[in-house]
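Residue 1 is where the sequence shown starts when you use full-length UniProt numbering, and the numbers rise one by one after that.
Glycine is no exception: its CB is placed at the ideal position from the N, C-alpha and C atoms.
The model shown is predicted, which means the values in this text are computed figures rather than measured ones.
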Amino acid sequence: MNTQLSTPIPIPDVEPPDIVRCAAMEIVVTDLARSREFYVDVLGLVVTQEDQRCIYLRCFDEFIHHNLVLRQGPVAAVAAFSYRVRTPADVDRAEAFYRALGCRVERRADGFRAGLGDSVRVQDPLGFPYEFFHHVEHVERLAWRYDLHVPGALVRLDHFNQVTPDVPRAVAHLESLGFRVTEDIQDSDGVQYAAWLRRKPTVHDTAMTGGDGPRMHHIAFATHEKHNILSICDRLGALRRSDAIERGPGRHGVSNAFYLYLRDPDGHRVEIYTQDYWTGDPDNPVVTWDVHDNQRRDWWGNPVVPSWYTEASRVLDLDGELQPLTSRTGASEMAVTIGADGFSYTRKDDTESMPEYKLGHQL
């Protein structure tokens, strides 16, 4: 039971859009040249298009115009979490869904940026700037261009991670959009601290993490193998850029994925991610982790740095202004304490009161 759920967001009496996957993110950076060096020269993302104001980047396995947009601006923040929808009619459904919620909605037939067609942007009930599109410019898929691949090649955008003060409320809202929970973190009283939700059949397209919000915790790019992540670490070391590593490399308990967390020149957090698992079966079970289990965040039991729990990127409203933050209240505030100061366990026989790790309910 989600005991911290506050006033729920209404479920509109209209059909939600059929979301295919997370597809792109637009971030504001304060020094476009420095950010280009980080994302292109260091991480190896492919430039699709650029001008003095914006750089459009994509991964090697992608055929859509871009997965990440770097836009020059005065304050580092996130301008859009972008989702591709299945059909042009689903853009109509996205507009109707959020108008029924009373949200601010904008629509442009020629897209809000290069490479996209008819698009809807909304300020969702949680305060996040969401974008929905179907029409997109196709570009060369570079999966077979091994002559261009670098060690640690990033092959696709995998997921977002969002920070919100009321995780159960956020989860219920995303479920009304058709997202399904794959994993979550709870305590013995059923307080939900974080949840991972998906549209494509992987562990997640986005996650909701408890904290002051709305903020963006990280954007994650997938690579094929864990040795690719080690290659990125080697490259960072050779370039004397190892201070960009915030956490890892390591393996998560949640998602079972191998990971590395980096901070870009503006502090935006980037995860490099590989080897999670299939979730596409209709009866895929939800995995619930005990909030005190220190292997949920790192399977090897390494402590998590406090910045990972407390720092995140601000988000913009549709006018390009910083969204005000809402402070987290209630039992979920314990998450920082539990996560960062060692009040955790590894083995059951270490504590008499340890709740059990559970394979949860059926979807």
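### Message
If we require 4 or more residues per run, which alpha helix (DSSP H) segments fall completely within the region 138-187?
### Response
As far as the region 138-187 is concerned, its whole alpha helix (DSSP H) runs of at least 4 residues are 167-176.
### Query
Exposed or buried, what is Ala195 when buried is set at 16 or more other beta-carbons lying within 10 Å of its beta-carbon?
For the purposes of this step, residue 195 is taken as residue 195 along the sequence shown, with counting starting at 1. Ala195 comes out buried.
### Message
So, at 7 Å on beta carbons, what are the nonlocal neighbours of Leu322 in its own chain, with the 5 sequence-adjacent residues on each side left out?
### Response
Locating residue 322 in the sequence shown gives position 322, where the first residue counts as 1. Same-chain partners within the cutoff: Val75, Ala77, Arg314 and Leu316.
### Task
Could I get the ranges of all uninterrupted alpha helix (DSSP H) runs contained in the region 185-267, with 4 residues as the minimum, in chain order?
The qualifying runs are 226-238.
### Query
What separation, rounded to the nearest whole angstrom, lies between the Cα atoms of Arg86 and Ser6?
By 1-based counting over the sequence shown, the position of residue 86 is 86. By 1-based counting over the sequence shown, the position of residue 6 is 6. Rounded to whole angstroms, Arg86 to Ser6 spans 32 Å at the Cα level.
### Query
Straight-line CA distance for Ile229 to Val14?
Numbered from 1 along the sequence shown, position 229 holds the residue referred to as residue 229. Numbered from 1 along the sequence shown, position 14 holds the residue referred to as residue 14. Distance from the CA atom of Ile229 to the CA atom of Val14, rounded to whole angstroms, is 43 Å.
### Query
For the beta strand (DSSP E) that Val69 lies in, which residues bound it at each end?
Translated into positions along the sequence shown, residue 69 becomes position 69. Looking at the DSSP string, the run of the beta strand (DSSP E) that includes Val69 is Leu68 to Gln72.
### Query
Which whole-angstrom value is the C-beta distance of Pro129 and Arg121, which I expect to be below 8 Å?
The sequence position of residue 129 within the sequence shown is 129, counting from 1. The sequence position of residue 121 within the sequence shown is 121, counting from 1. Confirmed, Cβ separation roughly 7 Å.
### Task
Return the Cβ separation of Leu157 and Cys59 in integer angstroms, given the expectation that the two are a contact with Cβ distance under 8 Å.
If you number the sequence shown from 1, residue 157 lands on position 157. If you number the sequence shown from 1, residue 59 lands on position 59. Rounded, the Cβ-Cβ distance is 6 Å, consistent with contact.
### Residues near Ile19 by beta carbon distance below 7 Å, same chain, minus five either side
Position 19 of the sequence shown holds residue 19. The beta carbon of Ile19 sits closer than 7 Å to the beta carbons of Tyr83, Val85, Leu177, Gly178 and Arg199 from its chain, once the five residues preceding and following it are set aside; these are given in chain order.
### Task
Could you tell me which residues DSSP pairs with Arg121 in its beta bridges?
The residue you call residue 121 lines up with position 121 of the sequence shown. Partner(s): Glu106 and Glu131.
### Query
Which same chain residues, not among the five before or five after Glu311, have their C-beta less than 8 Å away from its C-beta?
As a working mapping, residue 311 is identified with position 311 in the sequence shown. Only Gly267 and Arg269 meet the Cβ criterion.
### Task
Assess, as a yes-or-no matter, whether the region 153-171 is touched by the region 205-216 under the definition of 3 or more beta carbon pairs within less than 8 Å.
Contact between the region 205-216 and the region 153-171 is present, because at least three Cβ pairs lie under 8 Å.
### Query
Who are Tyr273's beta bridge partners in DSSP?
Within the sequence shown, residue 273 is the residue found at index 273, counting from 1. Tyr273 pairs with Ala222 and Tyr259.
### Message
Pairs of beta-carbons, one from the region 179-195 and one from the region 46-55, closer than 8 Å: are there three or more?
### Response
These segments do not touch.
### Query
How would you call Pro8, buried or exposed, if buried means at least 16 neighbouring beta carbons within 10 angstroms?
Counting from one through the sequence shown, the residue named residue 8 turns up at place 8. Around the beta carbon of Pro8, fewer than 16 other beta carbons lie within 10 angstroms, which makes this residue exposed.
### Message
Check this for me: beta carbons of Thr346 and Gln295, under 9 Å apart or not?
### Response
Here residue 346 corresponds to residue number 346 of the sequence shown, with the count starting at 1. Here residue 295 corresponds to residue number 295 of the sequence shown, with the count starting at 1. Closer than 9 Å, so yes.
### Task
Within its chain, find whatever has a CB closer than 7 Å to the CB of His217; leave out the 5 residues flanking it on each side and keep chain order.
Mapped onto the sequence shown, residue 217 falls at position 217. Answer for His217: Asn161, Gln162, Val163, Thr209, Arg269 and Ala312, listed in chain order.
### Task
Confirm, please, whether the CB-CB distance from Ala80 to Ala24 is below 9 Å.
Numbered from 1 along the sequence shown, position 24 holds the residue referred to as residue 24. Numbered from 1 along the sequence shown, position 80 holds the residue referred to as residue 80. Yes, these two residues count as a Cβ contact at 9 Å.
### Query
What did DSSP end up calling Arg34 once you bin it into helix, strand or coil?
As a position in the sequence shown, residue 34 is number 34, starting the count at 1. Arg34 falls in the helix class under three-state DSSP.
### Query
Should Trp308 go down as buried or exposed, given a rule of 16 or more other Cβ atoms within 10 Å for buried?
As a first step, residue 308 must be located in the sequence shown, where it is residue number 308. Label assigned to Trp308: buried.
### Query
Roughly how many angstroms lie between the CA atoms of Arg251 and Trp300, to the nearest whole one?
The residue given as residue 251 occupies position 251 in the sequence shown. The residue given as residue 300 occupies position 300 in the sequence shown. When rounded, the distance between both Cα atoms is 7 Å.
### Task
Please classify Pro88: does DSSP put it in a helix, a strand, or coil?
Sequence index remark: in the sequence shown, residue 88 carries index 88 (1-based). Looking at Pro88 - three-state DSSP - the assignment turns out to be helix.
#### Entry: Own chain residues within Cβ distance below 6 Å of Gln192, not counting five before or after
Counted from its first residue, the sequence shown places residue 192 at position 192. Only Asn2, Val167, Pro168, Asp184 and Gln186 meet the Cβ criterion.
### Query
Considering only residues of the same chain and omitting the five flanking positions on each side of Pro12, which have a CB-CB separation below 7 Å?
For this step, residue 12 is matched to residue 12 along the sequence shown. Phe97, Ala100 and Leu101.
### Task
Taking residue 374 as part of the beta strand (DSSP E), name the residues at either end of that continuous run.
Nothing can be reported for residue 374: it is not among the residues displayed for the chain, which extend from 1 to 363.
#### Entry: Cutoff 6 Å; reference Gly342; Cβ partners in own chain excluding five residues on either side
Numbered from its first residue, the sequence shown carries residue 342 at position 342. Note that Gly342 has pLDDT 46, beneath the 50 cutoff, so the model's placement of it is unreliable and the number below is only indicative. Here the set comprises nothing.
### Query
In whole angstroms, what separates the C-alpha of Arg263 from that of Val42?
Residue mapping note: residue 263 aligns to position 263 of the sequence shown, counting from 1. Residue mapping note: residue 42 aligns to position 42 of the sequence shown, counting from 1. Straight-line spacing of the CA atoms in Arg263 and Val42 works out to 12 Å.
#### Entry: Three-state secondary structure assigned by DSSP to Arg296
The residue you call residue 296 lines up with position 296 of the sequence shown. Coil at Arg296, not helix or strand.
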